[in-house]
Structure formats: structure tokens, C-alpha cells
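Only one structure is covered here, and it is reproduced in the block below.
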Amino acid sequence: MDPDTLRDLVESWIPFNRYLGIRAGDIRPGFTRLELPFRDEFIGDPVRRALHGGVIATLADTAGGIALWAQLRETRARVSTIDLRIDYLRPAKGELIAAEAHVVRQGNRVGVADVRIFHPSRADETLATGKGVYNVSIAKAPA
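The numbering of the sequence shown is my numbering, which starts it at 7 and goes up by one.
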């Protein structure tokens, strides 16, 4: 699928992404960079002011799926999550976070992506890593 369509998908078509404010950066076959601006509602630990793990997992899942979708040639292809693993390495603070996803395998029905979450202000410090496994299906043409 072309990057402009995927950008619209990430930012506008998926209501949950739109609600969170996920922004699509670099999208190319097998790679995606997404960003999520900080909001107070994302805090999961008010004492440390650390982001909720679900916010990080959502960004990772979305980035992995879009990276896979970006390299599919079939325009009617659909991608849905089968499995997602997140390893939280350090607390995410109250600032912009980014996710970069790379496809490590694409088969006929399943694709796998590795994801890294970080603050762009400290890009060398990984906040979390993830691995997403995605089902790839081709939507049937309307009869």
C-alpha cells in the first residue's frame, strides 16, 4: 500500500489512533516511524509521571502492523495482530515518544516486526522493545 494512504490510515481512518494523536513519520516498505505527543491522560504512574504501558504497547503494535502493511503489494490486504510482546526497559517520561518498526519476516499469511520505543530527545535510550506477529489476509472483492 502506498505511504500516503497508510499515513491517512494511521492518522485519520482508525478512530483510536486519531483519539490518541498518533502521527505517522517515515513510512516505507518494511519500515515505519510513528510518534505520539505526550498528554497527561497517558500517565500510568502519577508518582514517577511515567507513561502507562498500554500506551507504549499501542504505539508499538500500530508501528509493527503499518511497517508490514507498507511492504504488501496487494491493495486489498489487511493486517491484524496475532501476538504482541513488549519488554519495558525504562519508564517513559512525559514527553514525545516514537516507535520504529522493521519487518523481519513476511510470509503468505503471517508477518513479524521488531519495534523499538524511545524518546526522540534521547534517541540512544530504548524505553521498550516489542515483537508483533500479524495475520495478513486479502479482502474479497465485492460481488
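In this text, a Cβ means the ideal position worked out from N, Cα and C, and glycines have one as well. The model shown is predicted, which means the values in this text are computed figures rather than measured ones.
In this structure, Leu57 sits near Ala98, with a CB-CB distance shorter than 9 Å.
A direct Cα-Cα distance of roughly 18 Å separates Arg39 from Leu90. The DSSP assignment places 29-34, 37-42, 49-51 and 83-94 as complete runs of the beta strand (DSSP E) inside the segment 28-95, in order along the chain (cut-off: 3 residues).
Residue burial annotation: Arg96 is exposed, with fewer than 16 other C-beta atoms found within 10 angstroms of its C-beta. Between Ala119 and Gly71, the gap from beta carbon to beta carbon is short of 9 Å. Less than 9 Å separates the beta-carbon of Val121 from that of Ala66. DSSP places Arg24 within a helical segment (H, G or I) once states are collapsed to three. Going by C-alpha positions, Arg55 is about 9 Å away from Asp46.
CA-CA distance, Thr135 to Ile123, rounds to 6 Å.
Bridge partners of Arg122 according to DSSP: Glu106 and Thr135. About 4 Å separates the beta carbons of Gly36 and Val109, which is inside the 8 Å limit, making them a contact pair. Within a 10 Å sphere around the beta-carbon of Val53 sit fewer than 16 other beta-carbons, which makes this residue exposed.
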